[in-house]
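Report on the following structure.
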Amino acid sequence: MSGRPLRIALPKGRMMDEALLLFGRVGSEIAAEARDSRRLILPSADGRFEFLPVKSGDVPIYVESGVADAGVVGLDVLEEGQQDVLRPLDLGFGGCMLAVAAPADAAYPLLPGGTMPRVATKYVESARRFFAQKGMQVELIRISGSVELAPLLGLAHWIVDLVQTGRTLAENGLVVVEKVSDSTARLIVNRASHKLRLDEHQRLIADLAGAIEKSSA
Amino acid sequence: MSNLRLAQVPPGSQDLLADDVRLRRTVQRAWFGLAEESGYREVIPPTFEYEEVFTLAGTQLANELIRFVDRDGRLVALRADFTSAIARMASTRLRDAELPLRLSYAGKVYRQRPEGGGHARETFQLGAELIGSAGPEADVETLRLAIGLLRALQVRDFQINLGDIRFVQPLLTGLNEAEAESLRSAIDRKDRAALADGARRYGAPAAVARALVELPELIGRGDVLLRARSLASGPEAEAAIERLRAIDALLTEEERAHVVYDLGEIRGLGYYTGMQFEVFVAGLGRAVAFGGRYDGLLARFGADRPAVGFALETDALAAVLGEVL
Numbered sequence: 075m076s077g078r079p080l081r082i083a084l085p086k087g088r089m090m091d092e093a094l095l096l097f098g099r100v101g102s103e104i105a106a107e108a109r110d111s112r113r114l115i116l117p118s119a120d121g122r123f124e125f126l127p128v129k130s131g132d133v134p135i136y137v138e139s140g141v142a143d144a145g146v147v148g149l150d151v152l153e154e155g156q157q158d159v160l161r162p163l164d165l166g167f168g169g170c171m172l173a174v175a176a177p178a179d180a181a182y183p184l185l186p187g188g189t190m191p192r193v194a195t196k197y198v199e200s201a202r203r204f205f206a207q208k209g210m211q212v213e214l215i216r217i218s219g220s221v222e223l224a225p226l227l228g229l230a231h232w233i234v235d236l237v238q239t240g241r242t243l244a245e246n247g248l249v250v251v252e253k254v255s256d257s258t259a260r261l262i263v264n265r266a267s268h269k270l271r272l273d274e275h276q277r278l279i280a281d282l283a284g285a286i287e288k289s290s291a
Numbered sequence: 221m222s223n224l225r226l227a228q229v230p231p232g233s234q235d236l237l238a239d240d241v242r243l244r245r246t247v248q249r250a251w252f253g254l255a256e257e258s259g260y261r262e263v264i265p266p267t268f269e270y271e272e273v274f275t276l277a278g279t280q281l282a283n284e285l286i287r288f289v290d291r292d293g294r295l296v297a298l299r300a301d302f303t304s305a306i307a308r309m310a311s312t313r314l315r316d317a318e319l320p321l322r323l324s325y326a327g328k329v330y331r332q333r334p335e336g337g338g339h340a341r342e343t344f345q346l347g348a349e350l351i352g353s354a355g356p357e358a359d360v361e362t363l364r365l366a367i368g369l370l371r372a373l374q375v376r377d378f379q380i381n382l383g384d385i386r387f388v389q390p391l392l393t394g395l396n397e398a399e400a401e402s403l404r405s406a407i408d409r410k411d412r413a414a415l416a417d418g419a420r421r422y423g424a425p426a427a428v429a430r431a432l433v434e435l436p437e438l439i440g441r442g443d444v445l446l447r448a449r450s451l452a453s454g455p456e457a458e459a460a461i462e463r464l465r466a467i468d469a470l471l472t473e474e475e476r477a478h479v480v481y482d483l484g485e486i487r488g489l490g491y492y493t494g495m496q497f498e499v500f501v502a503g504l505g506r507a508v509a510f511g512g513r514y515d516g517l518l519a520r521f522g523a524d525r526p527a528v529g530f531a532l533e534t535d536a537l538a539a540v541l542g543e544v545l
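Residue numbers (this note's numbering), protein chains in the order written: chain A, 75 to 291; chain B, 221 to 545.
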């Protein structure tokens, strides 16, 4: 319906590098003149896509609103925001786990004396659902960074945070006490764009699925 | 010094100033012109109703109701959906009216939306309900009203995605509520891997598993109906395909050019029982109109009769016009 390239929101950081590698494998690397530039929108050399680097938590917002036609984002971020988008493909990379962590000597899941546990996290909604499912009552504290410091400083008893290698946790004397969920990068698509530009989206999904299959074979 | 609290409006509400109003009235005038010409008479349901009127539309709408407690302790909700209110009206006060009954409306609906998502909690809708006709001609009449309004407003770049919920429903029978819900969510997100995985985990028969995995791809022009027919599992699904073929046969060439068949779409409201559709306009990230057949809804209010209708998001269409005009 429209001649412009599909606009793809990507989460700045390592996941964006992996996403761009994948797009490169389907023949859509970033145009040479846009590389290392500070442009807000990076066109692909083949003219098929425009990449829009944004903060990871914002990817689903751009896609849900239709400002971006599609995006790449971790399942953890999607589950936290619950935005209304299509999730046609698991891209396989960016694997990590959302987990409850606590100081090595801390009690879990019950604190002595029936104290109400305080849990610091960036993932308030995911944590709320997890503890509710387990029938546990906790007090959630929303913080936006350095979550692993919260138990050390006495802000919280436990944390809910992303764990990739576990090194940051270990450095702060924390251990994983329970897994909340596993996460990998997903391709997400705006609902209206999927309908109106069906052929382009179907081709994108098929191309990426093909490239993933080839690399895992 | 101004009082900051007095100067604000709650999130999701807004003042509409002259230009905003003008565009909305343009849409509404075009609508009532067309509706009257087509034999539809306007009704205005109350601004608030007992909440049960709206909870029949499914959990999603039930979760979005703006409720308050009435004097007698009963829960009352602001009008969240015209179709539910008009179904109540048609089953009670208009029970003895001659059928088919053609009713139109335009006004505000109120829905609780998450903060910070840029969602209004108060939006204008307009639409029509055709009550007492069960045939594909009635479905097409409804589609034609939506198309006619877009044409009257010179909106040319639009697409209608048409499906029938009876194609998907049989694929979920025999599952417990949690299993059905997890598959519904995978269908809704067009997540093929999750569909394949779910079909395997819940031990779906081979034909059902194949249809589930194909659902996200069952979208396109008329040939999709042929593909869907080969996947149809049982009489319900076959009836769905037959109905869509009957609708297709009744459409003009020009109307058909706007229609895409979309069998894997289950967005519709909880009371839809058959054909359902969404209308998309280029440049909008959300559907601008939606509709469908709700043959079971009136019976819930006491008068069992078939019905079909559609609703259009007046604000979204006004925004499109604002860019064109």
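Virtual Cβ for every residue (Gly too), placed ideally from N, Cα, C.
inquiry  = Quick check: what's the CA-CA separation for A:ALA178 versus A:ARG192?
reply    = 16 Å
Take every Cβ of the segment 317-332 of chain B, pair it with every Cβ of the segment 104-124 of chain A, and state whether three or more of those distances are shorter than 8 Å. no
(Q) Distance cutoff 8 Å, beta carbons only. Does A:ALA259 sit that close to anything in chain B? (A) no
(Q) Let me check understanding here. Comparing Cα to Cα, which of B:LEU254, B:ARG409, B:LEU391 lies closest to B:ALA427? (A) B:LEU391
Just to confirm the assignment, what range does the alpha helix (DSSP H) spanning A:SER200 have? 198-207
Check: So, helix, strand or coil for B:LEU395, using DSSP?
Finding: coil
Round the Cβ separation of A:LEU160 and B:ARG409 to the nearest angstrom and send it over; I've been treating them as touching at under 8 Å.
-> 5 Å
- Ends of the beta strand (DSSP E) at B:GLU269? 268-270
message = For A:LEU226, which residues in the same chain have their Cβ closer than 8 Å to its Cβ, ignoring the five residues on either side in sequence?
response = PRO177, ASN246, GLY247
Chain-ordered neighbours of B:ASN381 on chain A, where CB pairs are closer than 9 Å: LYS269
Worksheet item: Using a Cβ cut-off of 9 Å, which residues of the segment 420-452 of chain B contact any Cβ in chain A, in chain order?
Response: PRO436, GLU437, ILE439, GLY440
Roughly how many angstroms separate the alpha carbons of A:ARG260 and A:SER130, rounded to a whole number?
12 Å
Alpha helix (DSSP H) segments (min. 4 residues) lying fully within the segment 114-186 of chain A: 133-139, 149-155
Closest residue to A:GLY219 among A:MET210, A:GLY209, A:TYR197 (Cα-Cα distance): A:TYR197
Query - Positions along the segment 317-347 of chain B whose CB lies within less than 7 Å of some CB in chain A - result: GLY338
message: Below 9 Å on C-beta distance, what does A:GLY140 contact in chain B?
response: GLY503, LEU504, GLY505, ARG506
* Counterpart residues of A:GLU252 in DSSP-defined beta bridges -> A:VAL174
**Asked** Under the three-state reduction of DSSP, which class applies to B:ASN283: helix, strand or coil?
**Response** helix
Might you give, ordered along the chain, the residues of its own chain that have their beta carbon closer than 8 Å to the beta carbon of A:MET75, omitting 5 neighbours on each side?
-> For A:MET75, the pLDDT reaches just 39, beneath the cut-off of 50, and the residue's location in the model is therefore unreliable, although a value from the coordinates is still provided. The residues are LEU270, ARG271.
Using a Cβ cut-off of 8 Å (strictly closer), state whether A:ALA285 contacts chain B.
no
What did DSSP end up calling B:GLY526 once you bin it into helix, strand or coil? Per the sequence presented here, residue 526 of chain B reads as Pro, with Gly not at that position. Coil at B:PRO526, not helix or strand.
**Prompt:** Do the segment 385-399 of chain B and the segment 444-457 of chain B make contact, defined as three or more Cβ pairs closer than 8 Å?
**Reply:** yes
inquiry  = Which same chain residues end up closer than 6 Å to B:GLU399 when comparing Cβ atoms and leaving out the 5 residues on each side of it in sequence?
reply    = TYR422
- [ ] Using a Cβ-Cβ cut-off of less than 8 Å, list which residues of the segment 198-210 of chain A approach chain B; keep chain order.
- [x] none
Identify whether B:GLN389 lies in helix, strand or coil by the three-state DSSP scheme. helix
For this session: Measure how close the beta-carbons of B:LEU276 and B:ALA300 come, nearest whole angstrom, since I'm counting them as under 8 Å.
Result: Contact doesn't hold; Cβ gap of about 11 Å is too wide.
| message | Once the 5 residues before and after B:GLU533 are set aside, which same chain residues still bring their CB inside 7 Å of it? | response | THR343, GLN345, VAL508, ALA509
Which residues of chain D have a Cβ atom closer than 8 Å to the Cβ of A:ALA266, listed in chain order?
You won't find chain D in this structure, because its protein chains are A and B.
- Item | Enclosing alpha helix (DSSP H) for B:LEU446 [first to last residue] | 443-451
What's the C-alpha gap between B:ARG463 and B:MET495? 8 Å
Excluding the 5 residues flanking B:PRO526 on each side, which residues of the same chain have their C-beta closer than 6 Å to its C-beta?
ALA354, ASP515
query: With a cut-off of 8 Å, does the C-beta of B:ARG245 fall near any C-beta of chain A?
result: no
Query - Identity of the residue in B:SER233, B:ARG245, B:MET309, B:GLU349 nearest B:PHE521 by Cα - result: B:MET309
| Can you name the residues of chain A whose CB is closer than 8 Å to the CB of B:ALA413? | LEU163, ASP164
Would you check if there are 3 or more beta carbon pairs closer than 8 Å linking the segment 433-443 of chain B to the segment 365-380 of chain B?
no
| Taking 7 Å as the cut-off, is the CB of B:PHE302 close to at least one heavy atom of the ligand COA? | The ligand COA is absent from the structure shown, which contains no ligands of any kind.
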